[in-house]
Amino acid sequence: MMYNNAEAGPSSAPMPLVLAPSTSFFETLGDQPGIMEWNQREGVGVNVPFGQPKPSIPDVIFNTSHTSGSTVFNANGNIDNHVHNNYYGVPAAASFNPMHPRAPFNDAPVDRISPCFVGRDEELQLFANVLGLCDGDTPSRYAVWGMPGLGKSQLALKYANTSFRAGRHTHIIWISATTVEKANQGLAGVLNLLQHPDRDHPDQAARITAARLCLEHSEQYGFLKWLIIFDDVTVATVPFLRESLPRQNSHGSILFTTRTADIAEAMTSVAGEQHPVHRLNALSLEQSTALLLTRAGVNSSTAADVDNAHNLVRRIGCLPLAVEQAGSYMKLNGLTGAGQLETLYDQRGLEEVISNYFRLQLDPKG
0 MMYNNAEAGP SSAPMPLVLA PSTSFFETLG DQPGIMEWNQ REGVGVNVPF
50 GQPKPSIPDV IFNTSHTSGS TVFNANGNID NHVHNNYYGV PAAASFNPMH
100 PRAPFNDAPV DRISPCFVGR DEELQLFANV LGLCDGDTPS RYAVWGMPGL
150 GKSQLALKYA NTSFRAGRHT HIIWISATTV EKANQGLAGV LNLLQHPDRD
200 HPDQAARITA ARLCLEHSEQ YGFLKWLIIF DDVTVATVPF LRESLPRQNS
250 HGSILFTTRT ADIAEAMTSV AGEQHPVHRL NALSLEQSTA LLLTRAGVNS
300 STAADVDNAH NLVRRIGCLP LAVEQAGSYM KLNGLTGAGQ LETLYDQRGL
350 EEVISNYFRL QLDPKG
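Mapping to numbering that gives the first Met the number 0: the sequence shown position 248 is 247, numbers consecutive.
Rendered as structure tokens:
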């Protein structure tokens with residue numbers, strides 16, 4: 000985008016006029032945190048009486064600390080010289096007012112967190128440790144992977160909620176990555192969340208690029224400690240994400256959930272470096288039992304109840320989603336005691352629980 004800052008002077012004046020350059024304009028230009036492009040056209044904007052020297056432009060300082068491939072010619076020339084600035088990637092910083100930082104927000108759908116969420120304290124602490132590391136000028140990356148039903152999305156939501164409340168991440172963005180279309184829309188939606196000037200750009204590719212650059216230079220847009228969570232990355236979305244994700248800014252963090260180790264490693268391999276990945280395992284027997292009884296609304300802690308609950312959660316693999324569905328089944332059918340709990344062991348009851356569990360895999364939340 001080029002700004003034509005020189006305006007034609009009065010053409011009907013009886014005598015030539017000397018129009019001095021606007022000092023406030025150049026002061027403003029020099030104060031910008033990024034680069035302001037300026038195109039001074041010859042013979043426009045200044046009329047000088049014959050025989051008098053042409054006024055010189057005050058010194059202009061260009062800050063190129065956040066640019067790539069920038070070239071400035073004749074930045075300190077006279078009125079006949081040109082200032083050409085070519086830059087690649089960095090949006091105009093004039094839209095950011097450093098006196099008005101972006102208000103914190105958590106875009107993650109934290110209302111989906113199960114009220115019966117149990118365990119995972121070690122994993123949550125590991126997330127905080129890894130995503131809090133700063134290595135060079137690149138965002139920290141971390142991927143958690145595992146089979147459906149382990150609660151990967153629940154864990155990511157829980158981390159988003161706790162880290163936002165603790166102030167570890169002040170701007171959190173949640174994007175579904177199951178398809179390229181969803182990932183594309185999610186990244187473009189970053190511009191809406193941040194009220195970016197390019198949020199209504201007609202070219203979708205331009206919006207994706209603007210989102211990446213905004214995150215790479217977030218300090219120019221009034222936010223620093225950002226976190227993006229890409230939920231359920233698939234083979235189909237890996238190429239798009241690898242091309243579109245921010246490549247610099249140590250203030251940012253990126254978290255992925257996915258089902259396979261291959262995808263997790265692909266998403267955390269950047270510029271020849273492999274960021275850490277984590278395999279999520281099933282809950283422990285005790286955690287699964289607590290989840291089952293809590294979800295079922297069973298307050299009894301007798302040895303018989305606990306023993307029956309142990310047997311049930313073992314039978315369904317201690318998978319959080321399956322255990323929670325079993326607890327929901329118990330509550331729905333009024334199974335509140337140890338003897339009633341054993342009802343789940345009959346063939347019909349268990350088939351209903353398991354079929355409900357596998358039906359949820361068509362729209363996985365774990």
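Note that the Cβ used here is the ideal one computed from N, Cα and C, for glycine as well. From a predicted model like this one, the values you see are computed outputs, not experimental measurements.
Query: Start and end residues, beta strand (DSSP E) containing D231; Result: W225 to V232
Query: Same chain only: Cβ atoms within 7 Å of T259, ignoring 5 sequence neighbours per side; Result: W144
Query: S162 classed as buried or exposed, judged by whether at least 16 other C-beta atoms fall within 10 angstroms; Result: buried
Query: Pairwise C-alpha distance: Q184 and T236; Result: 12 Å
Query: L254 versus V234, P238, S268 and D230, residue with shortest Cα-Cα distance; Result: D230
Query: First and last residue of the uninterrupted alpha helix (DSSP H) at H250; Result: Note, H250: premise wrong, no alpha helix (DSSP H); not H, not E.
Query: Cα-Cα separation, A295 to N310; Result: 15 Å
Query: Whole alpha helix (DSSP H) elements within the region 146-180, 4-residue minimum; Result: 151-165
Query: Assigned exposure category for P245 - 16 Cβ within 10 Å defines buried; Result: buried
Query: N- and C-terminal bounds of the beta strand (DSSP E) containing H277; Result: V276 to R278
Query: Of the residues G333, V232 and N248, the one placed nearest R241, counting alpha carbons only; Result: V232
Query: Per-residue DSSP class, three states only, for R140; Result: strand
Query: Whether L214 touches G251 by CB criterion (8 Å); Result: yes
Query: Alpha carbon of H200 to alpha carbon of T208, nearest angstrom; Result: 11 Å
Query: Extent of the continuous alpha helix (DSSP H) run through L212; Result: Q203 to E215
Query: Residues that DSSP places opposite N105 in a beta bridge; Result: I171
Query: Three or more C-beta pairs below 8 Å linking the region 306-324 and the region 121-131; Result: no
Query: Contact under 8 Å by Cβ, H168 with W225; Result: yes
Query: Which of helix, strand or coil DSSP assigns to Q273; Result: strand
Query: G326: first and last residue of the uninterrupted alpha helix (DSSP H) it sits in; Result: P319 to L331
Query: Assigned exposure category for G135 - 16 Cβ within 10 Å defines buried; Result: exposed
Query: Beta-carbon proximity check, L149 vs I112, cutoff 8 Å; Result: no
Query: Same chain, Cβ closer than 7 Å to R101, five either side skipped, listed in chain order; Result: H170, L193, Y220, G221 and F222
Query: Selection from Y328, N105 and L320 that minimises the alpha carbon distance to G166; Result: N105
Query: Reduced DSSP secondary structure (H/G/I, E/B, other) of T301; Result: coil
Query: Minimum C-alpha distance to V109 - residue among V179, K181, L154 and R119; Result: L154
Query: Burial state of S300 (16 or more Cβ within 10 Å); Result: exposed
Query: Beta-carbon gap between I228 and A159 smaller than 8 Å; Result: yes
Query: Endpoints, the alpha helix (DSSP H) within which F116 is located; Result: Element bounds for F116: n/a, residue is neither H nor E.
Query: Integer-rounded CB distance, given that S217 should sit under 8 Å from N248; Result: 6 Å
Query: Neighbour-count burial assignment, P238, 16 or more Cβ in a 10 Å radius; Result: exposed
Query: Where T257 sits in the DSSP three-state scheme; Result: strand
Query: Paired residues, beta bridge with S287 - DSSP; Result: DSSP, once it has assigned bridges, lists no residue as partnering S287.
Query: Closest by C-alpha distance to A321, when choosing among K330, S287, R164 and E122; Result: S287
Query: Rounded C-alpha distance that separates E285 from P196; Result: 52 Å
Query: With 16 other Cβ atoms within 10 Å as the buried cut-off, status of P319; Result: buried
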